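Here the structure comes first, spelled out in structure tokens, and everything after it is commentary.
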Amino acid sequence: MKFLLVILGGLALCQASYDYGDLINKSLLFYEAQRSGKLPSDQKVTWRKDSALNDKGENGEDLTGGYYDAGDFVKFGFPMAYTITVLSWGLLDYPNGYSKAGAVDEAHKAIKWGTDYFLKAHVSQNTLYGQVGNGGADHSYWGRPEDMTMQRPAYKIDASNPGSDLAAETAAALAAASLVFKTADPSYSSTLLTHAKQLYNFADTSRGKYSDSIGDANNFYSSGNYEDELVWGAIWLYKATGDQSYLTKAEQYYDQFELVEWDGKFDWDSKISGVEVLLGKITKNSKYTDKVKGYCDWMINSQQKTPKGLIYIDTWGTLRHAANVAFICLEAASAGISTSQYRSFAQNQINYMLGDAGRSYVVGYGNNPPSHEQHRSSSCPDAPATCDWNTYNGGQANAHVLYGALVGGPDSSDNYQDIRQDYVHNEVACDYNAGFQSALAALNEL
Ligand SMILES: *[C@@H]1O[C@H](CO)[C@@H](O)[C@H](O)[C@H]1NC(C)=O
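Counted the way mature numbering (1 follows the signal peptide of the UniProt record, and there is no 0) counts, the sequence shown spans residues -16 to -1, 1 to 430.
Next comes the structure, spelled out in structure tokens:
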């Protein structure tokens, strides 16, 4: 009997299988933990309480709500909008992955927590608040968001201080979310679409990089360019409206801007591989589908990998990049491009994060998960216990389990240390979990 169990145990190790549905639920809990503002009565992450209830625009506009960016408490609009676009994308394309997990309602809530905030931040046709909280002031504080007292200035873009990338990404998020809520809440859906159209028009007519207008964002989420977001936003507007002129514009801008994917990244700043997979799906034109195939084939055959097989693109947030590549190639697979090869490649990348490399990189899940991730609120014991830089510097595990958060991840040799100070490898962020969660939804359908 004992011998049999050993054999069965060995088999289980060889064919590790992961509960993608459970992971989707946990990832959604991570987004709950990132909520800013007044929390609802059905909040499951109950160690988090109301916070930042005084977030306001320059004219007193209510800017409460939205998500804290990462381990900190700044609300950075650009990565937040990207997060909502990618979460919506995953739910739209893999609804069965969510329904099998029993997570559709919670996914709607996660998306709406972002879009409710974007509606507030879009105070007039050509004015959008793109950040609340000052990076320097925020980052000099270690403690709970519920207790913070520093000034939280709000920064905006408008026609004379443009931000085409931010406005077009927010338009994409609202357009994608309008599709998510199309039948569940038609009137909310149409409100989202109205704002999406206005924001896209603003993005297109007042050209510039948002991080030139919101100087503080330059230190944290400096935008490479806005051209990819203008194409990306037009595609999402086309998908949400069916209005051919948006598709014409997307294809025209794609040519005019000569978009070329060059660094392997799909992320908050780089949308080109996402643009190509969506245009490929919509038009079936080999001009785009060949690019997508080239991208995924490169990732499989030529991209640098760790010894254990993880795609290695950047020191910072390695796992987020690998998860995003996995999601793009799952999209390619669902479009009929090298389907079985891309699916198993993507699954291998995601499974690395879940335990295949010898440990879990998702907080609160699986074997030996991270417990010292760089994340302020979860590091703090419940009030009234002190939480300050001594908490940060201590070797103790975080006081609360931040379920579902994907950490930055290992270095190029699969080495990783679970220490709070190592923000390059051990921070967590809203944008990190977005492609990861959408890839989980795709895998949960298979
Ligand atoms: C996910 O959570 C929901 C409740 O929000 C629950 O009904 C469902 O069973 C969970 N799914 C899995 C796979 O654990």
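Just so you know, even glycine gets a beta-carbon here, dropped at the ideal spot from N, CA and C.
Remember, predicted model here, so these are calculated numbers, not experimental data.
- A distance criterion of 7 angstroms places the beta-carbon of Gly320 beyond contact range of ligand 1, judged by its closest non-hydrogen atom.
- Considering only Ala91, Gly44, Ala65, the residue with the shortest C-alpha distance to Tyr51 is Ala65.
- Burial check for Val346: the Cβ neighbour count within 10 Å reaches 16 or more, so the residue is buried.
- The three-state reading of DSSP puts Ala65 in helix, counting H, G and I together.
- Cβ atoms of His179 and His92 stay farther apart than 8 angstroms, at about 18 angstroms.
- Contact between the segment 300 to 313 and the segment 406 to 422 is present: 3 or more CB-CB pairs across the two stretches fall below 8 angstroms.
- Taking the Cα positions, Asn80 is about 44 angstroms away from Trp373.
- Within the chosen limit of 7 angstroms, ligand 1 reaches the beta carbon of Ala85 through at least one heavy atom.
- Burial state of Ser396 is exposed, judged by a 10 Å Cβ sphere holding fewer than 16 other Cβ atoms.
- At least one heavy atom of ligand 1 is found less than 7 angstroms from the C-beta of Asp6.
- Assignment of beta-bridge partners to Glu411 by DSSP yields Gln358.
- If the five residues before and after Tyr296 are omitted, its C-beta is found closer than 7 angstroms to the C-beta atoms of Gln288, Lys289, Thr290, Thr302, Ser396, all from its own chain and listed in chain order.
- For Ala367 and Asp142, the gap between their C-alpha atoms comes out near 40 angstroms.
- Residues of the same chain with a CB within less than 7 angstroms of the CB of Tyr400, apart from the 5 flanking positions on each side, are Gly393, Pro394, His409 in chain order.
- With the rule of 3 Cβ pairs closer than 8 angstroms, the segment 164 to 171 does not count as touching the segment 196 to 214.
- A distance of 8 angstroms or more separates the beta carbons of Tyr101 and Tyr139.
- For Lys59, the three-state secondary structure derived from DSSP is strand.
- Per DSSP, Gly114 lies in no alpha helix (DSSP H) segment; the continuous beta strand (DSSP E) that holds it begins and ends at 112 to 116.
- Distances taken from the Cβ of Asp3 to the heavy atoms of ligand 1 include one shorter than 7 angstroms.
- Here Asn308 is buried. Its C-beta has 16 or more other C-beta atoms within 10 Å.
- With a cutoff of 7 angstroms, Glu90 counts as near ligand 1, since its C-beta is closer than that to a heavy atom of the ligand.
- Note: Asn145 is bridge-paired with Asp142 in the DSSP secondary-structure output.
- If you look at Asn377, you'll find it in the alpha helix (DSSP H) that goes 373 to 377.
- In this structure, Ala151 is the residue among Tyr125, Ser72, Ala151, Val244 with its C-alpha nearest to the C-alpha of Gln109.
- Secondary structure within the segment 226 to 304: the alpha helix (DSSP H) runs of 4 or more consecutive residues, fully enclosed, are 228 to 240, 256 to 267, 270 to 285 (chain order).
- Thr273 is not a Cβ neighbour of Ile219, given a cutoff of 8 angstroms.
- The nearest non-hydrogen atom of ligand 1 is 7 angstroms or more from the C-beta of Asn80.
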